[in-house]
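Comments concern the structure below.
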Amino acid sequence: MIHQFYITEFEKNLNLFRVLFDTRDQDYIHWKRDENAWSLLEILCHLRDEEIEDFRHRLQFVLEGKAGLPPKIHPQEWVTERSYSTQNFALVKTTYFEERRKSLNWLASLNKPQLDQFYNHPSLGKLNGHHFLNNWLAHDYLHIRQITRLRYDYLAHVSGIDLGYAGTWK
6 MIHQFYITEF EKNLNLFRVL FDTRDQDYIH WKRDENAWSL LEILCHLRDE
56 EIEDFRHRLQ FVLEGKAGLP PKIHPQEWVT ERSYSTQNFA LVKTTYFEER
106 RKSLNWLASL NKPQLDQFYN HPSLGKLNGH HFLNNWLAHD YLHIRQITRL
156 RYDYLAHVSG IDLGYAGTWK
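Shown next, in the form of structure tokens:
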């Protein structure tokens with residue numbers, strides 16, 4: 006069984022993501038701080054695809070002791086390749102939440118997983134189950150921060166008010 010800490014944290018993050026993505030405001034969904042930033046929709050699409058094709062898949066690959074390497078992924082390129090900015094926010098949100106629930110059920114079903122099992126990545130070296138489990142959780146935290154920053158920046162944009170009194174980002 007995966008240590009309960011991880012399952013609890015992933016559950017909390019799912020609840021946080023439900024709150025952070027609870028909007029129908031199309032301006033907010035598509036707004037970007039600048040041309041290099043991601044919109045809320047693009048972040049959501051990224052999380053959905055990572056849930057399916059990256060962390061859960063790679064952790065499963067390691068735990069099953071498969072030979073070779075897992076399929077290559079290119080998350081940064083998916084934004085344009087998969088036309089994230091044109092996707093349906095409500096549909097993507099539903100799919101992401103369903104996939105996260107599948108991940109949680111799968112993690113809870115594991116009985117004494119061999120997290121020390123690994124594969125040799127050509128440039129990153131040995132990547133084991135601990136690596137993927139912890140980086141999956143850290144990935145959540147990074148995107149929670151990213152979305153929170155997007156919300157802050159959007160507030161500054163729509164209000165036209167200097168928000169420095171509230172504090173500054175470091």
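Using my numbering, the letters of the sequence shown map in sequence onto residues 6 to 175. Glycine is no exception: its CB is placed at the ideal position from the N, C-alpha and C atoms. Source: prediction; values computed, not measured.
The DSSP-derived three-state label of GLY169 is helix. The Cβ-Cβ distance between LEU21 and ILE34 does not fall below 8 Å. By the Cβ-count criterion, PHE10 is exposed, with fewer than 16 other Cβ atoms from all chains shown falling within 10 Å of its own Cβ. The three-state secondary structure of HIS135, taken from DSSP, is helix. Non-local beta-carbon contacts of ALA95 in its own chain, meaning distances under 6 Å to residues more than five positions away in sequence, are absent. In the three-state reduction of the DSSP assignment, HIS126 falls in the strand class. Proximity to PRO80 across TRP111, GLU56, PHE123 and LEU115 peaks at GLU56, based on C-alpha coordinates. Cα atoms of LEU112 and ILE12: separation of roughly 7 Å, rounded to the nearest angstrom.
Per DSSP, the continuous alpha helix (DSSP H) segment holding SER108 begins and ends at 94–114. Where TYR11 is concerned, the enclosing alpha helix (DSSP H) starts and stops at 9–25.
According to the DSSP assignment, HIS35 belongs to the alpha helix (DSSP H) that extends over 31–35. Here the alpha carbon of LEU68 sits roughly 21 Å from the alpha carbon of GLU14. The beta carbon of GLU86 sits closer than 8 Å to the beta carbons of HIS79 from its chain, once the five residues preceding and following it are set aside; these are given in chain order.
Judged by DSSP in its simplified three-state form, LEU120 adopts coil rather than helix or strand. In the assembly as shown, VAL24 is an exposed residue. Its beta-carbon has fewer than 16 other beta-carbons within 10 Å. Under the 10 Å beta carbon count, VAL97 is surrounded by 16 or more other beta carbons and is classified as buried. When DSSP states are grouped into helix, strand and coil, ALA42 belongs to the coil group.
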